Amino acid sequence: MLKMPEPMSRRKKSRGRLWIWLIPITVLGAAAFFFGQDLWRYFEVRFASDSLLRLEDRTQAYLSSYQRYREMEPPSSTDNPAENPYFKLQDALFQQIDENRKIIEIISRTEDDLGTMAAWRGRYELYELLLRIQLNGRNLVEFAGRGYLPPLRPSLLEERSLESIGFSLSRHMRRALAYNPDGDYASLAHFGIALGDLMYFGRTDPAILDHLDAVKPEQLPAQLRDEWTWVAAGLYSLLGREDGLKITLEPAAENAGNETTAPASAPTVVLVEPYQKQLLMGYARFQSKNYMQALYAVRQVKYDPSVPDFYRAEAARMEGEINAKQNGPYFALPYLEEALRISGEDPFLRERLNAFLPKNR
0 MLKMPEPMSR
10 RKKSRGRLWI
20 WLIPITVLGA
30 AAFFFGQDLW
40 RYFEVRFASD
50 SLLRLEDRTQ
60 AYLSSYQRYR
70 EMEPPSSTDN
80 PAENPYFKLQ
90 DALFQQIDEN
100 RKIIEIISRT
110 EDDLGTMAAW
120 RGRYELYELL
130 LRIQLNGRNL
140 VEFAGRGYLP
150 PLRPSLLEER
160 SLESIGFSLS
170 RHMRRALAYN
180 PDGDYASLAH
190 FGIALGDLMY
200 FGRTDPAILD
210 HLDAVKPEQL
220 PAQLRDEWTW
230 VAAGLYSLLG
240 REDGLKITLE
250 PAAENAGNET
260 TAPASAPTVV
270 LVEPYQKQLL
280 MGYARFQSKN
290 YMQALYAVRQ
300 VKYDPSVPDF
310 YRAEAARMEG
320 EINAKQNGPY
330 FALPYLEEAL
340 RISGEDPFLR
350 ERLNAFLPKN
360 R
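Printed below as a string of structure tokens:
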């Protein structure tokens with residue numbers, strides 16, 4: 000007797016294996032979430048034929064924003080940073096620096112011009128350094144006359160020492176010049192080395208004059224004109240180079256006299272006031288041992304009642320320093336005492352006065 004075949008049972012689909020597919024999907028989703036922007040930037044830059052031109056456009060956009068940042072008055076405290084436009088702009092500029100550095104590293108993988116890429120790396124070290132330090136007429140006089148390095152701006156950025164930034168800046172710019180000393184980045188590279196060495200070593204070296212003299216200011220970005228003036232004027236004053244100081248300061252004065260009336264919406268910020276310029280000339284002449292002309296320059300500041308007390312006191316101190324060189328340390332005392340009377344109580348002036356007192360000789 001034939002047996003009827005048993006009905007075939009359908010194979011049940013196992014749902015237990017579905018979780019295996021969740022692992023790669025989760026990994027891909029997480030990668031897209033955390034690294035999607037970087038991956039998109041990589042492919043966008045990697046396969047673009049005009050990557051360097053795009054980087055230049057991004058750099059111009061950065062410099063335009065930096066110019067607004069430089070003209071803002073730093074806040075006196077770091078309270079409520081989320082509501083402070085200064086800290087908002089500072090953070091946005093730092094994010095631009097970070098993004099552009101990533102683009103530079105992507106471009107450098109296929110770019111044959113190693114000098115240009117070294118200059119780009121150095122350029123963004125320079126921009127970060129300038130983002131962190133405060134440069135103005137007051138601390139220019141303190142640098143040239145007292146040897147104080149520029150102070151830090153109020154900041155909520157991740158901490159990084161100015162020495163390490165200065166070292167990295169000088170290293171990249173020296174490498175760029177080693178590849179091509181006549182490249183279109185040469186002036187910016189020499190400027191970067193001068194500032195980088197200053198911040199790294201914390202002192203001046205006569206060899207730095209070679210870099211200052213090699214800079215052609217008209218080849219620097221227009222947004223960095225005041226920064227170049229600060230660095231060049233301060234170093235020329237400290238190193239006794241009156242000719243270099245005049246070339247640095249006088250074009251700005253001539254251009255200011257020849258300018259047409261600016262619109263009210265674009266006020267001009269003056270970096271160096273006339274009395275600050277006179278003090279800088281006095282410092283440069285003093286360092287070059289041109290004492291009579293140095294004395295003439297500082298007295299113009301001291302006897303001008305419209306000049307703020309700090310600068311009049313500094314001029315009186317320089318009178319004492321010059322007389323000490325010409326006639327001996329005792330002749331400095333009345334001028335340093337006068338400087339203290341003008342300024343109130345200035346620790347630096349007190350220290351200089353004590354240095355000339357007989358008990359310390």
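Numbering (numbering that gives the first Met the number 0), first residue to last: 0 to 360. Just so it is clear, CB atoms sit at the ideal spot from N, CA and C, and this is done for glycine as well. All of these numbers come straight from a predicted model, not from anything done at the bench.
Considering residue i, what are the terminal residues of the alpha helix (DSSP H) in which it resides?
i, result
"Q218", "Here Q218 belongs to no alpha helix (DSSP H), and DSSP marks it neither H nor E."
"E337", "L332 to S342"
"E157", "Neither: E157 is in no alpha helix (DSSP H) and is coded neither H nor E."
"E110", "Here E110 belongs to no alpha helix (DSSP H), and DSSP marks it neither H nor E."
"G239", "Unbroken run through G239: none, as it is neither H nor E."
"S186", "A185 to F200"
"P205", "Element bounds for P205: n/a, residue is neither H nor E."
"P346", "P346 to F355"
"S64", "S50 to E70"
Taking all protein chains shown into account, decide if residue i is buried (16 or more other Cβ within 10 angstroms of its Cβ) or exposed.
i, result
"N353", "exposed"
"N326", "exposed"
"K276", "buried"
"M172", "buried"
"Q218", "exposed"
"M71", "exposed"
"D381", "The question about residue 381 has no answer here: the residues shown for the chain are numbered 0 through 360."
"Y329", "exposed"
"V269", "exposed"
"R159", "exposed"
"R131", "buried"
"G201", "exposed"
"S169", "buried"
"P79", "The amino acid occupying residue 79 in the given sequence is Asn; Pro does not appear at that position. Looking at its Cβ environment, which holds fewer than 16 other Cβ atoms inside 10 Å, N79 is exposed."
"L52", "exposed"
"L356", "exposed"
"L155", "exposed"
"D56", "exposed"
"Q94", "exposed"
"A293", "buried"
"Q89", "buried"
"D225", "buried"
"S63", "exposed"
"S75", "exposed"
"A118", "buried"
"A296", "buried"
"E320", "buried"
"S167", "buried"
"A206", "exposed"
"K358", "exposed"
"E141", "buried"
"A252", "Interpretation of A252 is limited by its pLDDT of 46, a score under 50 that renders its predicted location unreliable; the figure taken from the coordinates is listed afterwards. The residue in question, A252, is exposed, as its Cβ has fewer than 16 Cβ neighbours within 10 Å."
"K301", "buried"
For the putative contact between residue i and residue j, defined by C-beta atoms under 8 Å, what is the C-beta separation to the nearest angstrom?
i, j, result
"E241", "M280", "7 Å"
"G243", "L211", "7 Å"
"R100", "Y123", "5 Å"
"A188", "G121", "7 Å"
"A338", "A315", "4 Å"
"L128", "I103", "Actually they do not touch by this definition, with Cβ atoms about 16 Å apart."
"L342", "D303", "Reading off the sequence shown, one finds Ser at residue 342, where the question assumed Leu. Not quite, the Cβ-Cβ distance comes to about 16 Å (not below 8 Å), so this is no contact."
"G146", "E313", "No, G146 and E313 are not in contact; Cβ-Cβ is about 13 Å, not under 8 Å."
"Q222", "Y68", "Wrong, their Cβ atoms sit about 10 Å apart, outside the cutoff."
"P153", "N138", "Not really, about 14 Å apart at Cβ, beyond 8 Å."
"L335", "Y310", "No, L335 and Y310 are not in contact; Cβ-Cβ is about 16 Å, not under 8 Å."
"Q286", "L208", "Incorrect: roughly 12 Å between the Cβ atoms, too far for contact."
"P216", "W227", "6 Å"
"R340", "E318", "The pair is not a contact, with the Cβ atoms about 13 Å apart (cut-off 8 Å)."
"L148", "M198", "7 Å"
List the DSSP bridge partners of residue i.
i, result
"I132", "L151"
Any C-beta of chain D sitting closer than 7 Å to the C-beta of residue i?
i, result
"G201", "In the displayed structure, chain D is absent; only one protein chain is listed."
* Asked: For the segment 284-336, which segments carrying the alpha helix (DSSP H) assignment without a break, of at least 4 residues, lie completely within its bounds, in sequence order?
  -> 290-301 and 308-326
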